[in-house]
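Quick note, the sequences are listed as chains E and S, same order.
Going by the numbering used here, the residue at position 64 of the first sequence is 64; the numbering climbs one at a time, nothing skipped.
Going by the numbering used here, the residue at position 53 of the second sequence is 1053; the numbering climbs one at a time, nothing skipped.
Here's the structure, in structure tokens; my notes come after.
Protein chains: 2
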Amino acid sequence: MQQDQAAVELMTLRDREYKCGIDVTLALVGGKWKASILWHLAQETMRFSDLQRQFSDTTRKMLTQQLRELETDGLVHRKVYPQVPPKVEYSLTDQGRTIFPILELMCDWGRNYVQAARLP
Amino acid sequence: MQQDQAAVELMTLRDREYKCGIDVTLALVGGKWKASILWHLAQETMRFSDLQRQFSDTTRKMLTQQLRELETDGLVHRKVYPQVPPKVEYSLTDQGRTIFPILELMCDWGRNYVQAARLP
DNA sequence: TGTCATGGTTACCAAAAAGGTACTGTGTTT
DNA sequence: AAACACAGTACCTTTTTGGTAACCATGACA
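So, in structure tokens, the structure goes:
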């Protein structure tokens, strides 16, 4: 008689299934920019134009896109001031702040890796 | 007089430039499978066919590709036994093991996120 | 009157990542 | 003689991601 393989419990998030928390985390902050954006916002609240300066090698489009996704995922708060010219401030939500320890470790680990690679 | 923007120090790794350790880390383990692969190998050394069973929703090709990259990056060790049928064992290198704390945090964070999302 | 600054949006295109199918070699078993 | 097991490789297609360029609205400023 056939049985299912070890029946791993799946996690469901917005109609997608993940086998493990790592996959969820990567889905939320694994893109090319998201982790860095969170990292910068963890230091200080920033306006859109501040972010543009920090991420001068990306485009408005990518920034907006990433920020909107982070907002949808509840990690970033977007505050619009009704004035002209427009002013929009981005900051981390409480939930967004909980990811800080991971970012810190990632930052250190990456630096160490590069350092180690330089002494062959 | 014009001056360069805040002149961030860049990190170079195999001809690519990164602005921060996070980007390096994501470049190394940010794919769809790599972090999970490392996570599983951290628990135990596995044969290729073991990995295939664990990652039954990907293909041999993807697995090989990811494993080869992890090997090139010095995170995974590949041991070939000269026998037929072939036997190849994958394990973490010392450097590979150093990423374990990050994976652990990512795993927990992802699970918590999903849990929190279920109680709206 | 014309230009600038801010914070976008949209349409379109290119590159990278992921996925699918088929094929390989070779000892051992049936 | 045929089929199997394992660990791949080759070639091609699809999906996802990233990038370019152009456009918008509004008030301030020259």
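Note that CB positions come from ideal geometry on N, CA and C, so glycine has one too.
If you draw a straight line from the alpha carbon of residue i to that of residue j, how long is it in whole angstroms?
{"i": "E:Asp73", "j": "S:Asp1015", "result": "34 angstroms"}
{"i": "S:Arg1097", "j": "S:Leu1075", "result": "8 angstroms"}
{"i": "E:Leu38", "j": "E:Leu92", "result": "7 angstroms"}
{"i": "E:Phe55", "j": "S:Lys1032", "result": "24 angstroms"}
{"i": "S:Leu1013", "j": "E:Tyr18", "result": "31 angstroms"}
{"i": "S:Pro1101", "j": "E:Tyr113", "result": "15 angstroms"}
{"i": "E:Ala27", "j": "S:Tyr1081", "result": "36 angstroms"}
{"i": "S:Ile1022", "j": "E:Asp108", "result": "8 angstroms"}
{"i": "S:Val1123", "j": "E:Pro85", "result": "For residue 1123 of chain S there is no data in the structure shown, the boundaries of chain S being 1001 and 1120."}
{"i": "S:Glu1069", "j": "S:Leu1063", "result": "10 angstroms"}
{"i": "S:Thr1058", "j": "S:Phe1048", "result": "13 angstroms"}
{"i": "E:Met106", "j": "E:Val88", "result": "28 angstroms"}
{"i": "E:Arg78", "j": "S:Glu1009", "result": "30 angstroms"}
{"i": "E:Gln3", "j": "S:Gln1083", "result": "Because the pLDDT of E:Gln3 is 37, which lies under 50, any placement of that residue in the model is unreliable, and the question is left without a value."}
{"i": "S:Met1011", "j": "E:Ala116", "result": "12 angstroms"}
{"i": "S:Leu1051", "j": "S:Leu1103", "result": "18 angstroms"}
{"i": "E:Gly110", "j": "S:Gly1110", "result": "21 angstroms"}
{"i": "S:Gln1205", "j": "E:Arg60", "result": "Absent from the model: residue 1205 of chain S. The displayed extent of chain S is 1001 to 1120, so no value can be given."}
{"i": "S:Asp1094", "j": "S:Pro1120", "result": "42 angstroms"}
{"i": "S:Cys1020", "j": "E:Arg118", "result": "16 angstroms"}
{"i": "S:Thr1045", "j": "S:Thr1025", "result": "23 angstroms"}
Does the CB of residue i have a neighbour CB from chain S at under 7 angstroms?
{"i": "E:Ser36", "result": "yes"}
{"i": "E:Gly30", "result": "yes"}
If you measure from the beta carbon of residue i to each beta carbon in chain E, is any gap under 7 angstroms?
{"i": "S:Val1076", "result": "no"}
{"i": "S:Met1011", "result": "yes"}
{"i": "S:Trp1039", "result": "yes"}
{"i": "S:Asp1004", "result": "Low confidence applies here, because S:Asp1004 scores a pLDDT of 40, under 50, leaving its location unreliable; read the following figure in that light. Chain E contact via Cβ: absent."}
{"i": "S:Pro1120", "result": "no"}
{"i": "S:Met1001", "result": "Per-residue confidence for S:Met1001 stands at a pLDDT of 31, beneath the threshold of 50, marking its modelled position as unreliable; the derived number appears in the next sentence. No, no contact with chain E."}
Identify the continuous beta strand (DSSP E) that holds residue i and give its terminal residues.
{"i": "S:Ser1091", "result": "1087-1092"}
{"i": "E:Lys79", "result": "76-81"}
{"i": "E:Glu17", "result": "16-18"}
So residue i is in the alpha helix (DSSP H); what residue range does that whole segment cover?
{"i": "E:Leu51", "result": "48-54"}
{"i": "S:Leu990", "result": "The requested residue 990 of chain S is not part of the displayed model; chain S covers only 1001 to 1120."}
{"i": "E:Thr64", "result": "60-72"}
{"i": "S:Gly1110", "result": "1100-1118"}
{"i": "E:Val29", "result": "21-29"}
{"i": "S:Lys1032", "result": "No alpha helix (DSSP H) holds S:Lys1032; DSSP gives it neither H nor E."}
Along the stretch 1099-1118 of chain S, where does the CB come closer than 8 angstroms to a CB of chain E? Name the residues. Ile1099, Pro1101, Ile1102, Leu1103, Leu1105, Met1106, Cys1107, Asp1108, Trp1109, Gly1110, Arg1111, Asn1112, Tyr1113, Val1114, Ala1116, Ala1117
Would you list, in chain order, the members of the stretch 1012-1027 of chain S that have their beta-carbon closer than 9 angstroms to a beta-carbon of chain E? Thr1012, Leu1013, Arg1014, Tyr1018, Lys1019, Cys1020, Gly1021, Ile1022, Asp1023, Val1024, Thr1025, Leu1026, Ala1027
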